[in-house]
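The numbers in my numbering rise by one with no breaks, and the one at position 224 of the sequence shown is 214.
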Amino acid sequence: MKIGLRTIKTAVSATAAIFVAKQLALLNPASAGIIALLSVTATKKSTIRVGIERLVALSIAALIAWLIFPSLGYHALSFGLFLLIFIVLANHFHLNEGIPVSSVLISQFLMAGDVNFQLIKNAYMLLIIGVGFALLVNLYMPNTEDKLKEKQELIDMELTQVLTSFADLLEAKRSGNCDNKLAILKNTLEQSEEWARKHDDNFLFRDESYYASYFSMRALQVQSLEKMNSVIQSVLPLEQGQGRIIAGLLRETVYRFSKENDGTELLERLEEVYDFYRRSELPENREEFEYRAQLFYFLTEFEHFLEIKKSFFKF
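This is how it looks when you write it as structure tokens:
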């Protein structure tokens, strides 16, 4: 059985939090361990966000408890009223992460039958220790950049496979689509975008958003590919020569395809293809007109595909 890094971090932070809370003679030191357990998240930034949410939530909870318990007494009904008010306010201020932890800490006031400075200080100390150790163990995060580069190369490869399949279909003069290839590509992109978000969230003082932006750019391109895929059946079979011209452009795109290519030269080549169709004879009937319109739509979406990459480079 494999033990994950996050499991080890959780165990270490909870143990350390309980030990320190005991050394400081705090009441209910195990609560510090539970808070640490709940605060070890997937990234550094998310741990900090959770910690801040819980600190603010505890401040609101302590104020409500100070107003309710001394006036109404230390019993289940007053605690229920406390929860009703606290949960509504916490949800309003988007402090949901702080609801369970603050509720447990405030319940100690109920058991003690008092709300005083020492108990409030004790609650804050437990929270700070628990969150503090969670953040401390999360300072170490394995470098995922190599993994992201692999994902980047995989996505580019799968994307070129879709373009190659389009070219094959156009040259073969037969019906077909690339549904399966696009589904695989979209799945890879979703996984990669999640990896990129976590990677960026693990850097506190450095912008590491390149990979997230890159994958978002590719996701926009996939939307264009899906539209091209939906058109591919309606433009087949092509008139003699037309399939070869468009397929040639797609294959040239595959040949020049790389993360460094901004697509400027390919857009120039696309303009040459547009010129070819402008010089072609006008449609002779309705069916040919609709067919030509679908073909133009295919090229327009391909132009959008290239423009997305060009815009990414400008950004």
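Just so it is clear, CB atoms sit at the ideal spot from N, CA and C, and this is done for glycine as well.
Beyond the five residues adjoining it in sequence on each side, residue 301 comes within less than 7 Å, by CB distance, of no other residue in the same chain.
Linking residue 91 to residue 181 through their CA atoms gives a straight-line distance of about 31 Å.
Restricting attention to alpha helix (DSSP H) runs no shorter than 4 residues, the segment 70 to 129 encloses them at 89 to 102 and 107 to 127, ordered along the chain. Straight-line measurement puts the Cα of residue 33 at about 29 Å from the Cα of residue 16. The segment 21 to 35 makes no contact with the segment 74 to 82: fewer than 3 CB pairs, one atom from each, lie closer than 8 Å. Taking each of 263, 220, 219 and 255 in turn and checking the Cα distance to residue 238, the smallest one comes out for 263. With fewer than 16 other beta carbons inside 10 angstroms of its own, residue -5 counts as exposed. Apart from the 5 residues on each side of it in sequence, residue 52 sits with its Cβ closer than 6 Å to the Cβ of 110 in its chain, given in chain order. Counting other Cβ atoms within 10 Å of its Cβ, residue 147 stays below 16 and is therefore classed as exposed. Contact fails between the segment 39 to 46 and the segment 128 to 135, because fewer than three Cβ pairs, one in each stretch, are under 8 Å apart. For residue 246, same chain residues with a beta-carbon under 6 Å away, outside a window of 5 residues either side, do not exist.
The alpha-carbon of residue 134 is positioned some 8 Å away from that of residue 185.
Taking C-beta separations shorter than 7 Å and ignoring five residues to either side along the sequence, the partners of residue 26 in its chain run 3, 4, 7, 120, 123 and 124, following chain order. The Cβ atoms of residue 168 and residue 219 lie closer than 8 Å to each other. Of the residues assessed, residue -3 falls on the exposed side of the cut-off, its CB having fewer than 16 other CB atoms within 10 angstroms.
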